[in-house]
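Take a look at the structure below.
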Amino acid sequence: MARQGLFGSSLVKKFWMALTGLFLISFLVVHVTLNSFIFFNDGGVTFNTGAEFMAKNPIIRTMEVVLFIGLIAHIVDGLILWSQNRAARPVRYAVEKGGANRTWYSASMGILGTLILFFLIMHLWHFWVKSRITGLHHYGLDAEGQENLYGAMLEVFQNPFVVVLYVLGCFSLFWHLLHGFKSAFQSLGLNHKRYNPIIAFLGTAFSIVVPTLFALMPIAIYLKWIQ
Amino acid sequence: MGNMKLTLKVWRQNGPNDKGKIVDYPVNDVSEDMSFLEMLDVLNDELVRKGEEPIAFDHDCREGICGMCSLFINGEAHGPGRGITTCQLHMRKFKDGDTIHVEPWRSAAFPVIKDLATNRGAFDRIQAAGGFVSVNTSGNLVDGNALPIPKPDADKAFDAATCIGCGACVATCPNGSAMLFTAAKVSQLSLLPQGQVERKQRALAMVEQMDKEGFGNCSNTGACEIECPKGISLEHIARLNREYLAATVTKE
């Protein structure tokens, strides 16, 4: 099996996993910041301004393509790693006490990632397809006369089933990040006694704050905390 | 001899190509002062007296320094307890009436030879691929102490060098990865002035051999560090990642 070189060796695959993971984390920062504009509770005006900028700005649109490439690379690389890791233990243990030496989520990154992917497909269908392809005419214009992506949010999150799926998606993201954030630094060789506690703290804080903010969006709309 | 009665569920496999199965063995008269291997000796003695085939398992020094003993006991490499090999595991860790599962290391790179004995030659081949230094031995050997080495570096190199190559890291890893072993062997040399000459080539060659052997990919679960009888730290894996990355982008 050809597994050497810049794209084949086990370590390089881990570097790509870490780099694409950190890139996707940087996307989450932008995404959660812009979406949190809905908490201004101003009928979505601030949020729609942000959404329109993201939809029109050529640099952002270019980064959107890069983002899809990064996401697909992360998924493909993850699947290759997953299948090689399964092949590395053809006969499983009859009894395995995994809880004694590792967290369940650090050993479940593949399944957590798959859950996030299912969530993403639904999420893109709900918002990205409408905003980028089919158009938002159905939701009219907001108070400032802007395209009303916020209107789409209000409609989608009236369905309690969808709200529950979104919250579950956020849980998957939480566990995935809780291991992934720290793990990316280790894979890149960034392990230092002085900085490890900072990385661990940032990773845990990020994993809690970002998915919580995301989960609050459908909940707040469904419970009419924001209009 | 002793007063503990145990039930062992042992993996029996009559050769590399045999399918293998778990066989139950009652063991009586187990003393809590016995090591796990001595308990297996008692069972094997019984089996031989009955005219049955004894259980094959790896062992050598029986004092925790050779790395020969293995065994996945009740779902953990070297059984319950931390910082010990199987020969240092004593039966006082178990209770009268316990059922104990005993399996060989499970890894595509460690094929079972017979019963609980596996072939860990893959580690030797990784070591041979680059785990050495070039020293002048032709009559003008340099005194090791002539080279000044900072104490923290010497300590870290020694911590890595305590790896006994038992394979518990691979056995424990949910991915069957040999990163802790390879990282320890690379770190041990790359931290010292004597190891600088082959530094880049070492990281590249040892990782290449590691991948060829069919070990899995590290996903930083940290399980290896916890089950390692010598407490080899994950920071060595990060060092290997750095060494390999630097060598990959600068090689000609």
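These protein sequences, in sequence, are chains A and B.
My numbering puts the first residue of the first sequence at 36, with every later residue one more than the last.
My numbering puts the first residue of the second sequence at 166, with every later residue one more than the last.
Positions of the beta carbon are idealized from the N, C-alpha and C atoms, including for glycine.
- Interface flag for L410(B) against chain A is set, since a Cβ pair is found closer than 9 Å.
- Chain A has a Cβ within less than 9 Å of the Cβ of P245(B).
- Closest option to G134(A), judged by alpha-carbon separation, among P339(B), A368(B), S235(B), E197(B): P339(B).
- Under the Cβ criterion of 9 Å, P339(B) is counted among the residues facing chain A.
- The beta carbons of E392(B) and E203(B) sit no closer together than 9 Å.
- At a cut-off of 9 Å between beta carbons, Y128(A) contacts chain B.
- When DSSP reads this structure, F237(B) sits in a beta bridge with A242(B), E268(B).
- T138(A) has a beta carbon lying within less than 9 Å of a beta carbon in chain B.
- No Cβ of chain B is located within less than 9 Å of the beta carbon of S242(A).
- Rounded to the nearest whole angstrom, the CA to CA distance from S71(A) to G215(A) is 23 Å.
- Looking at the DSSP output, R177(B) sits in a beta bridge with K186(B).
- For K279(B), the enclosing beta strand (DSSP E) stretches over residues 277-279.
- For the stretch 360-385 of chain B, the residues whose beta carbon sits under 8 Å from a beta carbon of chain A are, in order, V372, E373, M375, D376, K377, G379, F380, G381, N382, C383, S384, N385.
- For D324(B), the uninterrupted alpha helix (DSSP H) run begins and ends at 316-326, by DSSP.
- Counting of Cβ neighbours within 10 angstroms places D223(B) among the buried residues, the total reaching 16 or more.
- At a cut-off of 9 Å between beta carbons, A178(A) makes no contact with chain B.
- At a Cβ-Cβ threshold of 9 Å, F154(A) and L189(A) do not count as neighbours.
- Membership of F50(A) in the alpha helix (DSSP H) is indicated by the continuous run 45-70.
- When C-beta atoms of the stretch 291-304 of chain B are compared with those of the stretch 192-206 of chain B, fewer than three pairs fall below 8 Å, so the two segments do not count as touching.
- Counting of Cβ neighbours within 10 angstroms places C334(B) among the buried residues, the total reaching 16 or more.
- For K365(B) and N301(B), the gap between their C-alpha atoms comes out near 20 Å.
- At a cut-off of 9 Å, the C-beta of V111(A) has no neighbouring C-beta in chain B.
- Residue pairing from DSSP places H255(B) in a beta bridge opposite S200(B).
- By the criterion of a C-beta distance shorter than 6 Å, S299(B) is surrounded in its chain by V362, once the five residues flanking it on both sides are discounted.
- Beyond the five residues adjoining it in sequence on each side, L205(B) comes within less than 7 Å, by CB distance, of I220, F222 in the same chain, given in chain order.
- Contact between I238(B) and G244(B) holds: CB atoms are separated by about 3 Å, below the 8 Å threshold.
- With respect to the 9 Å criterion, A343(B) and F380(B) are classified as neighbours on the basis of their beta carbons.
- Our two residues, C383(B) and G304(B), have alpha carbons roughly 43 Å apart in a direct line.
- Taking the Cβ atoms as the reference, A322(B) lies roughly 5 Å from L357(B), within the contact range of under 8 Å.
- Taken through DSSP and simplified to helix, strand or coil, P339(B) comes out as coil.
- Minimum Cα-Cα distance from F88(A) among the listed residues Q181(A), F62(A), V198(A) corresponds to Q181(A).
- Excluding its 5 nearest sequence neighbours in each direction, T81(A) has C-beta neighbours in its own chain below 7 Å: F72, F75, listed in chain order.
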